[in-house]
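Asks: In the working numbering, the protein residues as written are 154 to 612. Okay, handing you the structure first.
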């Protein structure tokens, strides 16, 4: 089969790679000059900065397996910060190591009463181990799927846990509040914490784009090649570019849902209904150069909305080796509520606003921060909203691949990088099953081998 993948993020590249390994003729179209999507990096003021994904986890089994297959397993490494950071509460930083259920229960920023309530929640969560899959939220049925996490936690576990644990977690990793996320997300996460036992931070040496570049090196990737539209025409799928049209047996749309909605013409009812429902959080990731002596040895800091309406999280890039002489890099993320106002401001204004707020929270940083890069993410991460997880699950059963057009990405119930890679492999496998079922006409089968490295094609 001749297949196009639109979008060169981790999910799209993984899907393209698996399809090519299966013997299909695959091309990838990427509108940007670089591949990787949220797993991209830039060089700013002498530092390599991860502009999106800040960390990976040792529990990412698919990611590690793919890295090994690509021959980059030696690039996988453990962060080397002595302290994991903490949660800011009442102007003070409370140490927190959420690397497992016991680490969460040991969080001293909560009262004993709240920690007992958390213990009872984790005891209930034991029945979800093996039933739910955090990296595929379509797995398993949860009566709380249509209930938002803030409402449930506030009523069942208490306001303290809602305001100082659950909501800051969502804001640190998704930039929006817990009111907008399904409780099934947390139930699946609790099951993962209990099953894995321990979360440990990992990354790729040099930058997070290592995996994406390794995938792209085996594929025919057209960078800086925007796609105008995707639609059915004369029994095939047309990819309309700025200067030409290309026809394929199948097309995988591995772009954010908001972009896929604009590209896809002649949607099926299921495709239209789903793409219209998906929403994204937004954020700005602001990188600052700071003296190493001003930066304690920690991984990250969660900043609850009650402490700051601007900054939601902090990542210490020293843990990845981002050090030059006596200086290092600090990355601050913004709440989505602040992003709307900051998006239209100049980089200089953003740096001034964010640095002033961080210095208010931590006075030792005053006059110590030099802004070096701002990354604006209008489609930062999909929102796994109450009711949407079940809708996506139904789409996988009825609507996915209709008309030879496949949707792919973390918004399809596949959180984080591990979920994105899982989704790419899942879509590739579904296309393979469609070929075997005779739903599409395949090319002559080829022996499944690791594709040779190839030069990446530009427009």
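The beta-carbon is built from N, C-alpha and C at its ideal position, and this holds for glycine as well. For clarity, every value in this text was computed on a predicted model and none was experimentally measured.
1) Can you tell me the Cα-Cα spacing of residue 331 and residue 324, whole angstroms?
2) According to DSSP, which residues form a beta bridge with residue 523?
3) Buried or exposed, going by whether 16 or more other CB atoms sit within 10 Å of the CB of residue 263?
4) Between the segment 436–447 and the segment 402–422, can you find at least three pairs of beta-carbon atoms closer than 8 Å?
5) Rounded C-beta distance between residue 352 and residue 183? I'm assuming under 8 Å.
6) Going by other Cβ atoms of all chains shown within 10 Å of its Cβ, with 16 needed for buried, is residue 492 buried or exposed?
7) Should residue 540 go down as buried or exposed, given a rule of 16 or more other Cβ atoms within 10 Å for buried?
8) What whole-angstrom Cβ distance do residue 316 and residue 457 have, given they're in contact under 8 Å?
9) Rounded to the nearest angstrom, what separates residue 314 and residue 455 at their Cα positions?
10) Does DSSP put residue 411 in a helix, a strand or coil?
11) Taking the alpha-carbon of residue 355 as reference, which of 230, 591 and 499 has the nearest alpha-carbon?
12) Whose C-beta lies closer than 8 Å to the C-beta of residue 503 among residues of the same chain, with five residues either side of it excluded?
13) With distances taken between CB atoms, is the gap from residue 240 to residue 249 smaller than 8 Å?
14) Among 581, 542, 423 and 487, which residue has its Cα nearest to the Cα of residue 529?
15) From the DSSP output, which residues share a beta bridge with residue 393?
16) Quick one: is residue 211 near chain D, going by C-beta distance under 8 Å?
17) Name the DSSP bridge partner or partners of residue 481?
18) Are the CB atoms of residue 311 and residue 270 nearer to each other than 8 Å?
19) Relative to the alpha-carbon of residue 404, which residue among 211, 251, 225 and 560 has its alpha-carbon at the smallest distance?
20) Measure the beta-carbon distance from residue 453 to residue 192 and round it to whole angstroms, keeping in mind my assumption that it falls under 8 Å.
21) Within its chain, find whatever has a CB closer than 7 Å to the CB of residue 379; leave out the 5 residues flanking it on each side and keep chain order.
22) Taking residue 291 and residue 562 to be in contact with their CB atoms under 8 Å, please state how far apart those CB atoms are, rounded to whole angstroms.
23) Can you check which of these residues, 545, 517 and 471, is closest to residue 427 by C-alpha distance?
24) What is the C-beta distance between residue 435 and residue 531, in whole angstroms, given that I count them as a contact (C-beta under 8 Å)?
25) Measure the C-alpha to C-alpha separation of residue 283 and residue 534 and round it to an integer number of angstroms.
26) Grab me the residues of residue 537's own chain with a C-beta within less than 6 Å of its C-beta, minus the 5 sequence neighbours each way, in chain order.
27) Beta-carbon within less than 7 Å of residue 469's beta-carbon, same chain only, minus the 5 sequence neighbours each way: which residues are those?
28) Nearest CA to the CA of residue 467: which residue from 485, 506 and 167?
Replies: According to the structure shown:
1) Taking the chain shown and counting its residues from 1, the one referred to as residue 331 is at position 178. Taking the chain shown and counting its residues from 1, the one referred to as residue 324 is at position 171. When the Cα atoms are used, residue 331 and residue 324 turn out to be separated by approximately 8 Å.
2) Translated into positions along the chain shown, residue 523 becomes position 370. Partner(s): 442.
3) Residue mapping note: residue 263 aligns to position 110 of the chain shown, counting from 1. Buried.
4) Judged by Cβ distances under 8 Å, the segment 402–422 makes no contact with the segment 436–447, as fewer than three pairs qualify.
5) Stepping through the chain shown from its first residue, residue 352 is reached at position 199. Stepping through the chain shown from its first residue, residue 183 is reached at position 30. Between residue 352 and residue 183, the beta carbon gap of about 31 Å keeps them out of contact (Cβ cut-off 8 Å).
6) Counting from one through the chain shown, the residue named residue 492 turns up at place 339. Classification for residue 492: buried.
7) One-based indexing of the chain shown puts residue 540 at position 387. Classification of residue 540: exposed, given that the 10 Å Cβ count is below 16.
8) Numbered from its first residue, the chain shown carries residue 316 at position 163. Numbered from its first residue, the chain shown carries residue 457 at position 304. Confirmed, about 6 Å.
9) Sequence index remark: in the chain shown, residue 314 carries index 161 (1-based). Sequence index remark: in the chain shown, residue 455 carries index 302 (1-based). Roughly 14 Å between the two C-alpha positions.
10) Against the chain shown, residue 411 aligns to sequence position 258. It is helical.
11) For the purposes of this step, residue 355 is identified with residue 202 of the chain shown, where counting begins at 1. The residue with the shortest Cα to Cα distance from residue 355 is 230.
12) On the chain shown, residue 503 is found 350 positions in, with the first residue counted as 1. These residues qualify, in order along the chain: 437, 439, 495, 524 and 527.
13) Sequence index remark: in the chain shown, residue 240 carries index 87 (1-based). Sequence index remark: in the chain shown, residue 249 carries index 96 (1-based). In this structure, residue 240 lies near residue 249, with their beta-carbon atoms less than 8 Å apart.
14) The sequence position of residue 529 within the chain shown is 376, counting from 1. Check the Cα spacing between residue 529 and each of 581, 542, 423 and 487: the tightest is with 487.
15) Against the chain shown, residue 393 aligns to sequence position 240. Bridge partners of residue 393: 382 and 398.
16) Absent from the structure is chain D; it holds one protein chain and no more.
17) Taking the chain shown and counting its residues from 1, the one referred to as residue 481 is at position 328. DSSP lists 443 and 476 as partners of residue 481.
18) Numbered from 1 along the chain shown, position 158 holds the residue referred to as residue 311. Numbered from 1 along the chain shown, position 117 holds the residue referred to as residue 270. Yes, Cβ-Cβ distance for residue 311 and residue 270 is below 8 Å.
19) Looking up residue 404 in the chain shown gives position 251. Checking every option, the nearest Cα to that of residue 404 belongs to 560.
20) Your numbering for residue 453 matches position 300 in the chain shown. Your numbering for residue 192 matches position 39 in the chain shown. The Cβ separation is near 18 Å, so there is no contact.
21) Within the chain shown, residue 379 is the residue found at index 226, counting from 1. Excluding residues up to 5 positions away in sequence, 184 and 395 lie with their Cβ nearer than 7 Å to the Cβ of residue 379 in the same chain.
22) To locate residue 291, count along the chain shown from 1; it is residue 138. To locate residue 562, count along the chain shown from 1; it is residue 409. That pair is no contact at about 14 Å.
23) Your numbering for residue 427 matches position 274 in the chain shown. The shortest Cα separation from residue 427 among 545, 517 and 471 belongs to 545.
24) Residue numbering aside, residue 435 sits at position 282 when the chain shown is read from its first letter. Residue numbering aside, residue 531 sits at position 378 when the chain shown is read from its first letter. Indeed, because the Cβ distance is near 5 Å, the residues count as touching under 8 Å.
25) Walking along the chain shown from the start, residue 283 turns up at place 130. Walking along the chain shown from the start, residue 534 turns up at place 381. Computed Cα separation, rounded: 26 Å.
26) Along the chain shown, one-based indexing puts residue 537 at 384. Once the five neighbours on either side are set aside, the close Cβ partners of residue 537 are 334, 335 and 338.
27) Indexing the chain shown from 1 puts residue 469 at position 316. The residues are 234, 448, 451, 452, 453 and 483.
28) Against the chain shown, residue 467 aligns to sequence position 314. When only C-alpha atoms are compared, the closest one is 485.
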